[in-house]
Amino acid sequence: MLIDGDNAQPSLIADVLAETAKYGVVTTRRIYGDWTTPQMSGWKDTLHSHAVQPVQQFRYTTGKNATDSALIIDAMDLLHVGNVAGFCIVSSDSDYTRLATRIREQGLFVMGVGKSQTPKPFVNACEIFVYTENLGPQSKSERPTATVSRSDDWTKMVSQAIDMGLQDDGWAFLGAVGSHLRQLDSAFDPRTYGHKQLSLLIKSRSDLFEMREPKTKSGPALLYVRLKAESRKAS
């Protein structure tokens, strides 16, 4: 996990670590910035408690951000060493777009974490992108404004993901639907629309979708979803 200290919030580091832990063990934790500036003082206690290694990068020229270059160089070093399976880049800066695509070209997983205002090129360059507004306790007004204003758009995307995952019986496995949603939009997240899980989000539109949970003798039941008959006719 490589953090751009100029574009990250100390208060969210625990939530970011918890989010990245869903996808693997975070073996390298580094944060980049000019630690001689007062803007970085809020990170001190957070770094100690979460074992994040600070990397000093002086600002050589006023108005220029040297943090980007330092992070990118370290990322390429880690990439060529070959002992990691993926990267998490914590920043809202589009300057990391090419870095993300280069890592993915190597066949490695790339996750991004940043604000909802993060430029789309960087968001789309990541395999998964998580908005910081979806991390930790939050009010409805704090959710990503770019998507809340188009709350109906998710139904179109879910419908498309269901079509991509349809089985012969006309149902789609919910897990496959979730994977297809990430392919369609790396930043898709049920929390953006006020639900912790995809199943709860889909159930909130029972007028469009139906779900079934076949019982099994061994282990938990699997969830399946499809468009309701009326919705299929309309589409």
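The opening position of the sequence shown corresponds to residue 1438 in our numbering, with each subsequent residue numbered one higher.
In this text, a Cβ means the ideal position worked out from N, Cα and C, and glycines have one as well.
Inset, instruction - State the beta-bridge partners of L1603 as determined by DSSP. - result: A1609
Inset, instruction - Assess, as a yes-or-no matter, whether the region 1462-1476 is touched by the region 1484-1499 under the definition of 3 or more beta carbon pairs within less than 8 Å. - result: yes
Legend entry - Contact the region 1455-1463 vs the region 1518-1529: 3+ CB pairs below 8 Å: yes
Legend entry - Validate contact between the region 1563-1570 and the region 1590-1610 using beta carbons, cut 8 Å, 3 pairs: no
Inset, instruction - Pull up the distance between the alpha-carbon of K1577 and that of L1638, whole angstroms please. - result: Summary for K1577: the model assigns pLDDT 48, below 50, so the residue's position carries little reliability, and this model does not support an answer.
Inset, instruction - Quickly, what does DSSP pair G1551 with across the bridge? List them, please. - result: Y1568
Legend entry - Limits of the beta strand (DSSP E) - the one that F1524 falls within: 1523-1527
Inset, instruction - Identify every residue that forms a DSSP beta bridge with D1402. - result: No information on residue 1402 is available, as it lies outside the stretch 1438 to 1672 that the chain covers here.
Inset, instruction - Rounded to whole angstroms, what's the CA-CA distance from L1572 to H1632? Just pull it up for me. - result: 12 Å
Inset, instruction - Would you decide whether L1659 is buried or exposed? Buried here means 16 or more other CB atoms lie within 10 Å of its CB. - result: exposed
Inset, instruction - Excluding the 5 residues preceding and the 5 following G1551 in the sequence, name in chain order all residues of the same chain whose CB lies nearer than 6 Å to its CB. - result: S1528, S1529
Inset, instruction - Reducing DSSP to helix, strand and coil, say where Y1674 ends up. - result: Outside the shown range of the chain (1438 to 1672) lies residue 1674, about which nothing can therefore be said.
Inset, instruction - Return helix, strand or coil for P1491, following the three-state DSSP convention. - result: strand
Legend entry - Cross-strand partners of E1647 (DSSP beta bridge): R1663
Inset, instruction - Might you give, ordered along the chain, the residues of its own chain that have their beta carbon closer than 6 Å to the beta carbon of V1547, omitting 5 neighbours on each side? - result: F1524, A1537, I1540, R1541, C1563, E1564
Legend entry - Close Cβ partners of D1505 (< 6 Å) along its chain, the five nearest in sequence each way excluded: D1532
Inset, instruction - Determine the closest residue to T1555 out of A1503, G1544, T1534, with distance taken between C-alpha atoms. - result: T1534
Inset, instruction - Alpha carbon to alpha carbon, how far is S1616 from K1665? Give it in angstroms, no decimals. - result: 21 Å
Legend entry - Residues near S1623 in its chain [Cβ-Cβ closer than 7 Å; skip 5 each side]: V1560, N1561, C1563, E1564, I1565, F1566
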